[in-house]
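Engineer: Quick one: this structure, given as structure tokens, is what I'll be asking you about.
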Amino acid sequence: MHALRFILAHLGPFKWRFVLLLGATAIDGAVLFAVPLILTEVTRGSVTPEQWSRLVPILVLCMSTSIVMQWLVRRYGESLGRHYTNYLQLYYFRLVEQQEVSVLQKHHSGYILSLVSRVAGSAGSLTVTLLWLTSHIIVVMTLFFTFTARESVSIAVLNLLLMAIFLSVSMWFSARIVPLLAELNLASARAGQRFVDVMGNILTVKRLRLRRFAFEHLNEALGVVDSQVKTVQRFHATRWATLHSIFALAWLGTISFLLWRISGGATNAAVLILFVSAYATLRGYVERLSELIKDVLELGGYLSTLSALLTPVQPVALLGGSREWTTIRARNVSFTYPDSGATLSIPEFTLSKGDVVCITGESGQGKSTLLALIAHLLRPCVGELSIDGSPYSAREDSLDQLFAITSQEVDLFAMNIRDNLRLGRSIEDPQILAMLDSLALTAWVQTLPGGLDTEIGERGVRVSAGQRQRINVARALLLDREILLLDEPTSHLDRTTERIVVEALRNALVGKTAVIVTHREALMSLATRRYEVCHGTLCHGTVRTC
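Its first residue numbered 250, the sequence shown is counted upward by one per residue in the numbering used here.
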């Protein structure tokens, strides 16, 4: 099955731990089955006190071994489920982060988050179930049918036949529950998307008094999920009853056959000890196997949906690559948004080290798209950008450390001011305060109760738009990248504050390279060259008429 192949293929650093724990569960299953087997063999005839005295240590050894094996599985197997969930969350973070911006823009982040959480969580819990169930079933079934064949080949064959019917019927039901689970998966993911969206805009709900709208908006999506859950559970209940009827038939048939042999003196009554114990164990396995099949199919549905959203990409190192470069060039490059059909054409664009290039043009013409292409957040539909004559695709490992881009939509992390500026790097407070002072933020920070330790809330909601924008600029400058890509960095600022930010940028850009998208004359004064985007085409210079 798709889900099982995915789990086994993505065990990563946990592969050998998984194999060792499978071995532990196999030993546990064997010794547990050995207890009724030994008792059955011993009680076939008369047992002397001396034989009983030798039997007790063997039983103690079996139970002790089982306890040790179960301790190992509970100690390392159940924690493996949590570790594996965390591992998959990081795996999907890297996969999502490496997607092109155009792919991510098609889907709500809450929708993707819901799918990733369900895949990672389900795979983690299934890993634990597989550890408990797989080896136990294989070992116990093998020993059960071997011993059964010793008593009666016909009853062994009958049980094998009923088990084959059980598996066939289970797969038949499974094939028909897949579409129902797919609909449930889609409804759940959409409900998760809507919930994240509403909760992320809870302040808007309060400001506009949209309590009723938000409640009905959520209730509508969750109502669809509830309806799908009822449909799936009705089908699952029918499936469960059918499978357990087959199991009951096997149990009644085997016990009836043994009672008939015992009444005729062909079999010792002690054999019932084994079969009653074995069937009690098998019943638990059958119930868990039924749930396992359902969970595996459900995970497969989530995996298929997530795979359809995310484009496979080659893994890229988290950090690394040389920052050395001289010239970035684009010639006869174009990008088209698949949904809107809007196209940006770049006949010629050159960015040399030390340039400060200004991009102007009316809104919606593709200026932000140009920055995304330069930063390799978007891939051109036609042509390719090059760096020192080599295509971007050949320099994947270095591009991450080459650019710092600020967007018009400023989103800060739900951390304090200091951590939003350091972003995990070792930057001392004096350097941070000097940067904030150059952007006229020092006085504001000093008024805060916690200073740099002040939490700014989800997406920076506790600070004003102008403060967020200046923190965004400070963050980009502190990253100390070779090339700064600034998209309307003063759009939320008044003229006085804008002049302060422009002077800060003028000083910070000495020895740096920058591309600035702006409508403001103050920022244009920083440029050594200008381009204009007109009717979806990048034109060189400021005089050309489009």
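Note that the Cβ used here is the ideal one computed from N, Cα and C, for glycine as well.
Computed from a predicted model, the values in this text were never measured in an experiment.
#1: Counting along the chain, where does the beta strand (DSSP E) carrying I654 start and finish?
#2: Select from L379, M412, L634, T378 the residue whose C-alpha is nearest the C-alpha of F394.
#3: May I have the straight-line CA-CA distance separating D588 from V473, to the nearest angstrom?
#4: Determine the direct distance from the alpha carbon of M448 to that of G359, and round the result to whole angstroms.
#5: Using 8 Å for Cβ pairs, my map puts N408 next to A497. What's the rounded Cβ distance?
#6: Skipping 5 residues on each side, what residues in its chain have a beta carbon closer than 6 Å to that of A579?
#7: Can you list, in chain order, the residues of its chain with a C-beta nearer than 7 Å to that of Q442? Leave out the 5 residues immediately preceding and following it.
#8: Go through its chain and collect everything with a Cβ distance to L567's Cβ below 7 Å, but skip five positions before and after it.
#9: For S803, which residues from the same chain have a beta carbon less than 8 Å from its beta carbon, with the 5 sequence-adjacent residues on both sides left out?
#10: Between M773, G261, F524, L269, which lies nearest to V389 when the distance is taken from Cα to Cα?
#11: Can you tell which of S656, E677, Y325, I676 has the C-alpha that lies nearest to the C-alpha of G272?
#12: L452 and V659 look like a contact to me (Cβ under 8 Å); what is the Cβ gap, rounded to whole Å?
#13: Should Y780 be flagged as near chain C, meaning a C-beta pair shorter than 7 Å?
#14: Pick from L754, A692, L727: whose alpha carbon is nearest that of E737?
#15: Excluding the five sequence neighbours on either side, which residues of its own chain have a C-beta within less than 8 Å of the C-beta of V750, listed in chain order?
#16: Taking three-plus beta-carbon pairs below 8 Å as touching, is the stretch 370-377 in contact with the stretch 325-343?
#17: Under three-state DSSP, which class holds N581?
#18: Since D736 sits in a beta bridge, which residues does DSSP pair it with?
#19: State the beta-bridge partners of I608 as determined by DSSP.
#20: Just how far apart, CA to CA, sit G715 and E704?
#21: Apart from the five residues just before and just after P298, which ones in its own chain have a Cβ nearer than 7 Å to its Cβ?
#22: Cβ atoms of S419 and I471: under 7 Å apart, would you say?
#23: Helix, strand or coil: how does DSSP classify S635 here?
#24: Counting Cβ pairs, one atom from each stretch, are 3 or more of them under 8 Å apart for the stretch 602-617 and the stretch 633-649?
#25: Locate the beta strand (DSSP E) running through T503, then write down its first and last residues.
#26: Could you spell out where the alpha helix (DSSP H) holding T647 opens and where it closes?
#27: Apart from the five residues just before and just after E327, which ones in its own chain have a Cβ nearer than 6 Å to its Cβ?
#28: List, from N- to C-terminal side, the beta strand (DSSP E) runs of 3 residues or more that fit wholly inside the stretch 679-724.
#29: Using a Cβ-Cβ cut-off of 7 Å (strictly less than) and excluding sequence neighbours within five positions of L661, which residues of its own chain qualify?
#30: Measure the C-alpha to C-alpha separation of R323 and V280 and round it to an integer number of angstroms.
#31: From the DSSP output, in three-state form, read off F267 for me.
#32: Alpha carbon to alpha carbon, how far is C783 from I676? Give it in angstroms, no decimals.
#33: For Q354, does the count of other Cβ atoms within 10 angstroms reach 16, so buried, or fall short, so exposed?
#34: Let's see if you can read the secondary structure: which residues bound the beta strand (DSSP E) around F662?
#35: Which stretch, first to last residue, makes up the beta strand (DSSP E) that contains E597?
#36: Note down, in chain order, each residue of its chain lying with its Cβ closer than 7 Å to the Cβ of I307, except the 5 sequence neighbours on either side.
Structural biologist: Considering the structure as presented:
#1: Here residue 654 refers to the residue found at position 405 of the sequence shown. Its beta strand (DSSP E) spans residues 652-655.
#2: Your numbering for residue 394 matches position 145 in the sequence shown. Selected option, being the one with the closest Cα: M412.
#3: Indexing the sequence shown from 1 puts residue 588 at position 339. Indexing the sequence shown from 1 puts residue 473 at position 224. Going by the C-alpha atoms only, they are around 27 Å apart.
#4: Along the sequence shown, one-based indexing puts residue 359 at 110. Along the sequence shown, one-based indexing puts residue 448 at 199. Cα-Cα distance, rounded: 10 Å.
#5: For this step, residue 408 is matched to residue 159 along the sequence shown. For this step, residue 497 is matched to residue 248 along the sequence shown. That pair is no contact at about 13 Å.
#6: Residue 579 sits at position 330 when you count from the first residue of the sequence shown. Non-local beta-carbon contacts of A579 in its own chain, meaning distances under 6 Å to residues more than five positions away in sequence, involve I595, F598, L634 in chain order.
#7: Here residue 442 refers to the residue found at position 193 of the sequence shown. If we look at Q442 and ignore the five residues flanking it on each side, its Cβ neighbours are H357, G359, Y360, S363.
#8: Against the sequence shown, residue 567 aligns to sequence position 318. Here the model assigns L567 a pLDDT of 49, short of 50, so the residue's position is not dependable, and the following value carries that caveat. So no residue of the chain qualifies.
#9: Residue 803 is absent from the structure shown; the chain starts at 250 and stops at 795.
#10: Here residue 389 corresponds to residue number 140 of the sequence shown, with the count starting at 1. Minimum Cα distance to V389 is reached at F524.
#11: For the purposes of this step, residue 272 is identified with residue 23 of the sequence shown, where counting begins at 1. Residue Y325 is the option with its Cα nearest to G272.
#12: As a working note, residue 452 is residue 203 in the sequence shown. As a working note, residue 659 is residue 410 in the sequence shown. The distance from the Cβ of L452 to that of V659 is about 16 Å, inconsistent with a contact at the 8 Å cut-off.
#13: Going by chain labels, chain C is absent from the structure shown, which holds only one protein chain.
#14: The count along the sequence shown starts at 1 and reaches residue 737 at position 488. Among L754, A692, L727, the Cα nearest to that of E737 is on L754.
#15: Counting from one through the sequence shown, the residue named residue 750 turns up at place 501. Excluding the 5 residues flanking it on each side, V750 has same chain C-beta neighbours closer than 8 Å at L688, A689, R719, V722, P738, T739, L742, in chain order.
#16: yes
#17: Reading the sequence shown from its first residue, position 332 is the one you call residue 581. Strand, per DSSP.
#18: For the purposes of this step, residue 736 is taken as residue 487 along the sequence shown, with counting starting at 1. DSSP output for D736 lists V766 as bridge partner(s).
#19: Here the question's residue 608 lines up with position 359 in the sequence shown. DSSP lists V766, Y780 as partners of I608.
#20: Taking the sequence shown and counting its residues from 1, one reaches residue 715 at position 466. Taking the sequence shown and counting its residues from 1, one reaches residue 704 at position 455. For G715 and E704, the distance between alpha carbons rounds to 17 Å.
#21: Here the question's residue 298 lines up with position 49 in the sequence shown. There are no such residues.
#22: Start at 1 with the first residue of the sequence shown, and residue 471 comes out as number 222. Start at 1 with the first residue of the sequence shown, and residue 419 comes out as number 170. Note on residue identity: the sequence assigns Leu, not Ile, to residue 471. It is not a contact, given that the beta carbons lie outside the stated cut-off.
#23: Taking the sequence shown and counting its residues from 1, the one referred to as residue 635 is at position 386. In this structure, S635 counts as strand in the three-state DSSP scheme.
#24: no
#25: By 1-based counting over the sequence shown, the position of residue 503 is 254. Looking at the DSSP string, T503 is not in any beta strand (DSSP E); the run it does join, the alpha helix (DSSP H), is 460-512.
#26: Looking up residue 647 in the sequence shown gives position 398. In the sequence under discussion, the amino acid at residue 647 is Ser, which differs from the Thr named in the question. 645-648 is the extent of the alpha helix (DSSP H) around S647.
#27: Numbered from its first residue, the sequence shown carries residue 327 at position 78. Answer for E327: V377, listed in chain order.
#28: none
#29: Counted from its first residue, the sequence shown places residue 661 at position 412. Taken in chain order, the residues that qualify are N669, I705, R708, G709, R717, I720.
#30: Translated into the one-based positions of the sequence shown, residue 323 becomes position 74. Translated into the one-based positions of the sequence shown, residue 280 becomes position 31. Cα to Cα, R323 sits roughly 17 Å from V280.
#31: Your numbering for residue 267 matches position 18 in the sequence shown. Residue state, collapsed to three classes: helix.
#32: To locate residue 676, count along the sequence shown from 1; it is residue 427. To locate residue 783, count along the sequence shown from 1; it is residue 534. Using only the alpha carbons, I get a separation of about 42 Å.
#33: For this step, residue 354 is matched to residue 105 along the sequence shown. It is exposed - the Cβ of Q354 has fewer than 16 other Cβ atoms within 10 Å.
#34: By one-based count along the sequence shown, residue 662 stands at place 413. No residue range can be given for F662, since it is assigned to no beta strand (DSSP E) and is classified by DSSP as neither H nor E.
#35: Residue 597 sits at position 348 when you count from the first residue of the sequence shown. Note, E597: beta strand (DSSP E), 592-601.
#36: Counted from its first residue, the sequence shown places residue 307 at position 58. The residues are I287.
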